[in-house]
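Below is one structure; the comments refer to it alone.
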Amino acid sequence: MGSLTLRRAGWFAAGTAAVLVAASGAAIGTATAATPSWAPASTAAIHPGVQTHTNGAQCTSNFVFTDGTSVYLGQAAHCSGTGGSTSTNGCTSGSLPLGTQVQVDGASKPGTMVYNSWLTMQANGEKDPDTCAYNDLALIRLDPADVSKVNPSVPFWGGPIGLNTAGTSSGDTVLSYGNSELRGGVALLSPKQGISLGDTGSGWSHSVETVTPGIPGDSGSAFLDAGGKALGILSTLELAPTPTSNGVGDLAHELAYLHSHSSFGSVTLVPGTEAFRGPLVSLP
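What the sequence shown shows, in our numbering, is residues 1036 to 1319, in sequence order.
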């Protein structure tokens, strides 16, 4: 309760057609891309933070993942949602089906949504309220033609250097990189630093405050902890404890669910090739 998703829905933009509710269960083929050799970070067209567009809804990608064969870009599961901004329960909210094409900035061909935590929870009859509220991860499989354009480093910050499995405490520094269309392409506004307000939902989510706060279009963007580990994925605008706080889904929880409830058990987070540069300032 008291949360709004942060995808920039198609109805924000003039001339975007209404989203149609589609049935899930489309067959997903297996990609044949070779184990990747990453593009240099300075020239990579595809990386954490590029915009994704799913049937008119704009979001921000988070991290790069691989199973040794295919390369995936993470986005928030709600980016393919068919409900409104208050539809945040992944066990009851509608979603476009697996197989939906996703436009990825920098890619020559659309990616394909091959995993969506909302659809997986609904297929499995998930009932745990925290899991339903905060499990918000989708994987977009990149076309093999675009794999050579990918670098897994988070712009500006570098990393990730691994996966945060310990969560956060109130006051811990967090870092992010948003890319909403509403910022008009001003790159200086993309890097964000802030603090955690503490974990919620049995560790499934972290309430955070950053400068600047996440806005529609930032949905799905990557969050790092102060040491450069991948912490989570921007999911919601929170109305409490403060109206400028955001909810960040815990990536370790989301990956654990993916591994145990889908056919993507071998998918892993790809560390950045660029060294982690650390926070801009030390926060008390």
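Every residue gets a Cβ at the ideal spot worked out from N, C-alpha and C, and that includes glycine.
Let me know if residue 1180 comes out buried or exposed under the rule of 16 or more other beta-carbons within 10 Å of its beta-carbon. Sequence index remark: in the sequence shown, residue 1180 carries index 145 (1-based). Result: exposed.
Among 1095, 1266, 1075, 1079, nearest to residue 1217 - alpha-carbon criterion: Mapped onto the sequence shown, residue 1217 falls at position 182. Closest option to residue 1217, Cα to Cα, is 1095.
Contiguous beta strand (DSSP E) assignments of at least 3 residues, all confined to the stretch 1071–1138: 1086–1089, 1092–1095, 1099–1101, 1106–1110, all fully within the stretch 1071–1138.
Determine the direct distance from the alpha carbon of residue 1280 to that of residue 1243, and round the result to whole angstroms. Here residue 1243 refers to the residue found at position 208 when the sequence shown is read from its first residue. Here residue 1280 refers to the residue found at position 245 when the sequence shown is read from its first residue. Each residue's alpha carbon lies about 5 Å from the other.
Would you mind reading off the limits of the alpha helix (DSSP H) that contains residue 1290? In the sequence shown, residue 1290 corresponds to position 255, counting from 1. Start and end: 1286–1296.
Leaving aside the five residues before and after residue 1296 along the sequence, list all residues of the same chain whose C-beta is less than 7 Å from its C-beta, in chain order. As a working note, residue 1296 is residue 261 in the sequence shown. Closer than 7 Å at Cβ, skipping near neighbours: 1155, 1159.
Between residue 1097 and residue 1110, is the Cβ-Cβ spacing less than 8 Å? Within the sequence shown, the letter at position 62 stands for residue 1097. Within the sequence shown, the letter at position 75 stands for residue 1110. Cβ atoms of residue 1097 and residue 1110: closer than 8 Å.
Residue 1257 - containing beta strand (DSSP E), residue span: Counted from its first residue, the sequence shown places residue 1257 at position 222. Taken as a continuous stretch (DSSP letters only), the beta strand (DSSP E) holding residue 1257 covers 1257–1260.
Do residue 1153 and residue 1193 have their CB atoms nearer than 8 Å? Position 118 of the sequence shown, counted from the start, is the residue given in the question as residue 1153. Position 158 of the sequence shown, counted from the start, is the residue given in the question as residue 1193. When the beta-carbon positions are compared, residue 1153 and residue 1193 stay at least 8 Å from each other.
Please go through the stretch 1168–1223 and give each complete beta strand (DSSP E) segment of 3 or more residues, from N-terminal end onward. 1173–1176, 1208–1212
Alpha carbon to alpha carbon, how far is residue 1130 from residue 1271? Give it in angstroms, no decimals. Position 236 of the sequence shown, counted from the first residue, corresponds to residue 1271. Position 95 of the sequence shown, counted from the first residue, corresponds to residue 1130. In a straight line, the C-alpha of residue 1271 is about 17 Å away from that of residue 1130.
Buried versus exposed call for residue 1219 [16 or more other C-beta atoms within 10 Å across all chains shown]: Translated into the one-based positions of the sequence shown, residue 1219 becomes position 184. Exposed, because fewer than 16 other Cβ atoms sit within 10 Å of the Cβ of residue 1219.
Looking at the structure shown, is residue 1271 part of a helix, part of a strand, or coil, going by DSSP? If you number the sequence shown from 1, residue 1271 lands on position 236. Strand at residue 1271.
From residue 1075 to residue 1081, what distance separates their C-alpha atoms? Here residue 1075 corresponds to residue number 40 of the sequence shown, with the count starting at 1. Here residue 1081 corresponds to residue number 46 of the sequence shown, with the count starting at 1. Approximately 11 Å between the Cα atoms of the pair.
Quick one, are the C-beta atoms of residue 1198 and residue 1264 less than 8 Å apart? Numbered from 1 along the sequence shown, position 163 holds the residue referred to as residue 1198. Numbered from 1 along the sequence shown, position 229 holds the residue referred to as residue 1264. Their beta carbons are under 8 Å apart, which means residue 1198 touches residue 1264 by this criterion.
Three-state secondary structure (DSSP) of residue 1304: Counting from 1 along the sequence shown, the entry for residue 1304 is found at position 269. Of the three classes helix, strand and coil, the one that applies to residue 1304 here is strand, per DSSP.
Under the rule that 16 or more other beta-carbon atoms within 10 Å means buried, what is residue 1176, buried or exposed? Translated into the one-based positions of the sequence shown, residue 1176 becomes position 141. So residue 1176 counts as buried.
Count the other CB atoms within 10 Å of the CB of residue 1291; is the residue buried (16 or more) or exposed (fewer)? Translated into the one-based positions of the sequence shown, residue 1291 becomes position 256. By the neighbour-count criterion, in which a residue is buried when 16 or more other Cβ atoms sit within 10 angstroms of its Cβ, residue 1291 is exposed.
Look at the alpha carbon of residue 1169 and the alpha carbon of residue 1305, and state the distance between them as a whole number of angstroms. Position 134 of the sequence shown holds residue 1169. Position 270 of the sequence shown holds residue 1305. If I take the Cα positions, the gap works out to 23 Å.
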